[in-house]
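Working notes for the structure below.
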Amino acid sequence: MASWQAHFISLLLRTTFKPRLAKAMEAADARRLLESGAAHKVPEDLDVRPGEVAGIAGEWVERHGSAPRATLLHLHGGGYFACSARTHRPYTCFFAEQGFRVFAPNYRLAPEHPFPAAIDDAQHVYLSLVRALAGAHSLVVTGDSAGGGLTLALMQRLREAQQPLPAAIALFSPWTDLATTGPSAIENEASCSMFVSEAIRRGAAGYLGGADALHPHASPLYADMRGLPPMLVHAAEREAMRDDSTRLVERARAAGVEVDFRLWPVVHHDWQMFQPFIPEARESLTIASAFLRARVAQADVAQAPAPQAVPDAAPDVEVCIVGSGFSGIGMAIRLQHAGIDSFCVLEQAGEIGGTWRDNTYPGCTCDIPSHLYSLSFAPKTDWSRMYPTQPEIRAYLHECVERFDLAQRIRLDTRLDSATYDEASGLWNMRTSNGSFSARFLVSAIGGLHRPAIPALPGIESFAGPSFHSARWDHGLDLKGKHVAVIGTGASAIQFVPQIAAQVEQLDLYQRTAPWVLPKLDRPIGPRERWALGHVPGYRTLCRWRLYWRQELFAFGFTLEPRLLDRARKIGLWLLRKQVPSEELRTQLTPTYQPGCKRILISNDYFPTLSQPHVKLVTAGIREVRPRSVLTEDGVERRADVVIFGTGFQATDTLGPLRVSGRGGVRLDEAWRGGMHAYYGTSVPGFPNFFMLSGPNTGLGHNSVIFMLEAQMGYVIDCITTMRRRGLRTLEVRAHVEADHNEALQHRLRRTVWASGCRSWYLDEHGRNVTLWPGFTFDYWRRMRRVDWRAYRTQFGTQARTQAATQAGTQAGPG
Ligand SMILES: Cc1cc2nc3c(=O)[nH]c(=O)nc-3n(C[C@H](O)[C@H](O)[C@H](O)COP(=O)(O)OP(=O)(O)OC[C@H]3O[C@@H](n4cnc5c(N)ncnc54)[C@H](O)[C@@H]3O)c2cc1C
4 MASWQAHFIS
14 LLLRTTFKPR
24 LAKAMEAADA
34 RRLLESGAAH
44 KVPEDLDVRP
54 GEVAGIAGEW
64 VERHGSAPRA
74 TLLHLHGGGY
84 FACSARTHRP
94 YTCFFAEQGF
104 RVFAPNYRLA
114 PEHPFPAAID
124 DAQHVYLSLV
134 RALAGAHSLV
144 VTGDSAGGGL
154 TLALMQRLRE
164 AQQPLPAAIA
174 LFSPWTDLAT
184 TGPSAIENEA
194 SCSMFVSEAI
204 RRGAAGYLGG
214 ADALHPHASP
224 LYADMRGLPP
234 MLVHAAEREA
244 MRDDSTRLVE
254 RARAAGVEVD
264 FRLWPVVHHD
274 WQMFQPFIPE
284 ARESLTIASA
294 FLRARVAQAD
304 VAQAPAPQAV
314 PDAAPDVEVC
324 IVGSGFSGIG
334 MAIRLQHAGI
344 DSFCVLEQAG
354 EIGGTWRDNT
364 YPGCTCDIPS
374 HLYSLSFAPK
384 TDWSRMYPTQ
394 PEIRAYLHEC
404 VERFDLAQRI
414 RLDTRLDSAT
424 YDEASGLWNM
434 RTSNGSFSAR
444 FLVSAIGGLH
454 RPAIPALPGI
464 ESFAGPSFHS
474 ARWDHGLDLK
484 GKHVAVIGTG
494 ASAIQFVPQI
504 AAQVEQLDLY
514 QRTAPWVLPK
524 LDRPIGPRER
534 WALGHVPGYR
544 TLCRWRLYWR
554 QELFAFGFTL
564 EPRLLDRARK
574 IGLWLLRKQV
584 PSEELRTQLT
594 PTYQPGCKRI
604 LISNDYFPTL
614 SQPHVKLVTA
624 GIREVRPRSV
634 LTEDGVERRA
644 DVVIFGTGFQ
654 ATDTLGPLRV
664 SGRGGVRLDE
674 AWRGGMHAYY
684 GTSVPGFPNF
694 FMLSGPNTGL
704 GHNSVIFMLE
714 AQMGYVIDCI
724 TTMRRRGLRT
734 LEVRAHVEAD
744 HNEALQHRLR
754 RTVWASGCRS
764 WYLDEHGRNV
774 TLWPGFTFDY
784 WRRMRRVDWR
794 AYRTQFGTQA
804 RTQAATQAGT
814 QAGPG
């Protein structure tokens, strides 16, 4: 679904720019029009400097102080008669942000300098860069519109002269056919936001200056494509030059060239020029950057000389993420956006998805509305219901992996067994079920609710029938005609009990504490609403924010004024009265603690299920489980063919068997013996370059955990990018800062509803709340927006300094 910004700008261009360009008969008029409004705001962390390569002026763009992995030559568009490096800063700045060192030449323009002057200039610049870099393996070339055609023409020249080709090229709406023979020139004339075919022909004639339009260097569509480097091509579905791309891709693929091709809906020709405004522009450029970096990495492995010894050991991978649920996938996308390309995601299971892969029990849904329970930077507008079901969320996570091309980064069936910090090298050494490797940064995304909690009921090992936890549902077992004992009445149980009640002969539900249950405002999202969410500008964002603030209201009651939760109490009691006719059952189902002290649940079918004759709510404690029955404290023995545990997760001991050892070999589980704790749930003293997502005290009882996770992801990115910029090797939170932070946190928690006397999974064995954030989520977000470097001890890296010095001394500098 295209964004409203893309719709809006396409419409604007079609109604204002296109008619004026069609009328501009003189090249000078068209040049003025194309160059008007070129005022891209350069991000603060970039340097843009005028320079000259091979005597051709242009602009260097790069990030302050960072050591770029690859050099990128950008050939700008503008129909060969207009524009410059300056007008095309939306491209060059974006690529620089992604870690490339970019040079954009001001090649000579037509009609003053017709074909092949532009190609001559491009070739001189390219070869000069190759000489400065001592090879082409870390060089890539990109071009938009006419610059795309020029890039291809340059490739022809290089191949014919047997000169080194770059690691890869990326072409955005390339103009490859100056004869304008593609059907889209006519078919899309009306829908194209920029060109009528006549204007294209006029531009071609000005550049050709009498040369043959079918010359393969002028129209590289007609050239021999064999042996060209890997190429990425992005074009717009409804632009007049669409077929310049589709036919190019067909021919290149037929010639055996590796091509990554995408046709984008709604956007206009060369839409990446609007990257500050159009999400699809940033998405396209992010995908292209990832493509280019990956090809440079491949070329580096193939061609780079053996690395020279440097004082700091280089890690096998810069960032290792453990876990592929929402946290791991989201973190990977954010790293990619930040231009950090060296990372991997370890996943112990054979599939990504975390919680939403493991919990396949009947009726599994999320308690947070769909529009809120999704990554803000990977929006989805076609959710089928207000509250997403498990299959839909699982599919969404798979979509994210595909959309951001992450599959190659994820190592499935690879469990991290131990991670040990090596002080000498400043690296983490990872031991996995599939081998060992090192990383500079370790990001734990193992989640808080992945280890099932199964109570040690007396005699449970003697039970003769099948028994399983709701997160390990046995789909091969037919429950029809069976006596089923369900232990626990938490969030999962109240979802699957109504689903299985219809199949079983007898269902006994063993309850320790009655939950507060409120109505679920669920409904399908119809086609019209889905259309509006995808097309009406701002509507989806408005829905998301409305839901966010609705959920956030609960935080007042939970953390500031528990009396505000009286309304929740009234609604809960009203639902009981409405749905449970039996007074005795109502009494059993009426909670004896404040709403919110344990997680508030939402359901419309839980209470009605419990009133069915073959469903029995058992409130007496379990004395013993026998081979075919369950005996309760009141002496009643009930037949049980199957036992299902709906008893939640070990939320206060998330590490489980995973061994993480920091400075001095101290293990995290030992450091946490008195209970989990971390600085904003993210950093732990003694564990340098280690970050946690959904760490201690970052869970929520009232809003979407994804919001908190995104704040943490942004924080990790801020840490890593700043460290790279400053040449820092390690960062470690100061022990006293972390201790003060936690004391303040626990102080606040003592005044919340969660400390009002109930026994919940939020509290650890010492009664400390180690799971929840004690306030508003926007407050957490605000605190995580910028890293407070005073809270951290940092160490400079000799390697970073040496590299920076070497580059400053030896590389072809700007200008
Ligand atoms: C049934 C259920 C319902 C929920 N409903 C809601 C809700 O309504 N609203 C809400 O905000 N939250 C809800 N949650 C919480 C949910 O867990 C989080 O919202 C979110 O999905 C957590 O994502 P994550 O990536 O941090 O962790 P997870 O989804 O748990 O993913 C962690 C991943 O790490 C992997 N892993 C663990 N250890 C290792 C290792 N040593 N090596 C390699 N891989 C490892 C796991 O296999 C897993 O894939 C619910 C949770 C459950 C279980």
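Taking our numbering, the leading residue of the sequence shown gets 4, the next gets one more, and so forth.
Note that the Cβ used here is the ideal one computed from N, Cα and C, for glycine as well.
This one's a predicted model, so the numbers in the text were calculated from it and none came from an experiment.
Regarding residue i and ligand 1, is the C-beta to nearest heavy atom distance less than 7 Å?
i, result
"V708", "yes"
"W359", "yes"
"H453", "yes"
"M761", "Position check: residue 761 holds Cys in this sequence, whereas Met was assumed. C761: no, Cβ never under 7 Å from ligand 1."
"F329", "yes"
"Q715", "no"
"V325", "yes"
"I449", "yes"
"A494", "yes"
"N437", "no"
"A352", "yes"
"I371", "yes"
"Y376", "yes"
"R670", "no"
"C367", "yes"
"L419", "yes"
"L168", "no"
Using three-state DSSP, classify residue i as helix, strand or coil.
i, result
"F20", "helix"
"G575", "helix"
"N772", "strand"
"T74", "strand"
"A216", "coil"
"E636", "coil"
"K581", "helix"
"T95", "helix"
"A255", "helix"
"S13", "helix"
"K26", "helix"
"R566", "helix"
Please report how far the alpha carbon of residue i lies from the alpha carbon of residue j, in whole angstroms.
i, j, result
"S248", "S176", "7 Å"
"C367", "V646", "18 Å"
"S377", "Y683", "22 Å"
"A815", "H705", "Residue placement at A815 is flagged as unreliable, the pLDDT there being 30, under the threshold of 50; a coordinate-derived value is accordingly withheld."
"S465", "D511", "19 Å"
"A803", "N432", "Note that A803 has pLDDT 43, beneath the 50 cutoff, so the model's placement of it is unreliable and no number is given."
"G541", "P372", "18 Å"
"G770", "G677", "11 Å"
"S1", "A714", "The question about residue 1 has no answer here: the residues shown for the chain are numbered 4 through 818."
"R204", "V404", "41 Å"
"E508", "I463", "22 Å"
"S697", "Q554", "19 Å"
"L235", "R298", "11 Å"
"L349", "F694", "15 Å"
"V628", "G599", "31 Å"
"V539", "W7", "6 Å"
Quick one: give me the first and last residue of the alpha helix (DSSP H) that residue i is part of.
i, result
"C722", "V708 to R729"
"N607", "Neither: N607 is in no alpha helix (DSSP H) and is coded neither H nor E."
"Y399", "Q393 to R406"
"I336", "F329 to H340"
State the start and end residues of the unbroken beta strand (DSSP E) segment that holds residue i.
i, result
"G61", "I59 to R66"
"Q509", "Q509 to Y513"
"F264", "V262 to W267"
"P53", "L49 to V56"
"L349", "F346 to L349"
"F440", "G438 to S447"
Going by the C-beta, is residue i closer than 7 Å to any heavy atom of ligand 2?
i, result
"L696", "Summarising the ligand content, the structure contains ligand 1 and does not contain ligand 2."
- Item | Within the segment 102-163, ranges of the alpha helix (DSSP H) (whole runs, at least 4 residues) | 120-136 and 149-163
- Task: Kindly provide the ranges of any alpha helix (DSSP H) runs that are 4 or more residues long and lie completely inside the segment 476-556, ordered along the chain.
- Result: 496-504 and 530-538
- Entirely within the segment 159-241 and at least 3 residues each: give me those beta strand (DSSP E) ranges in chain order. 171-175 and 234-239
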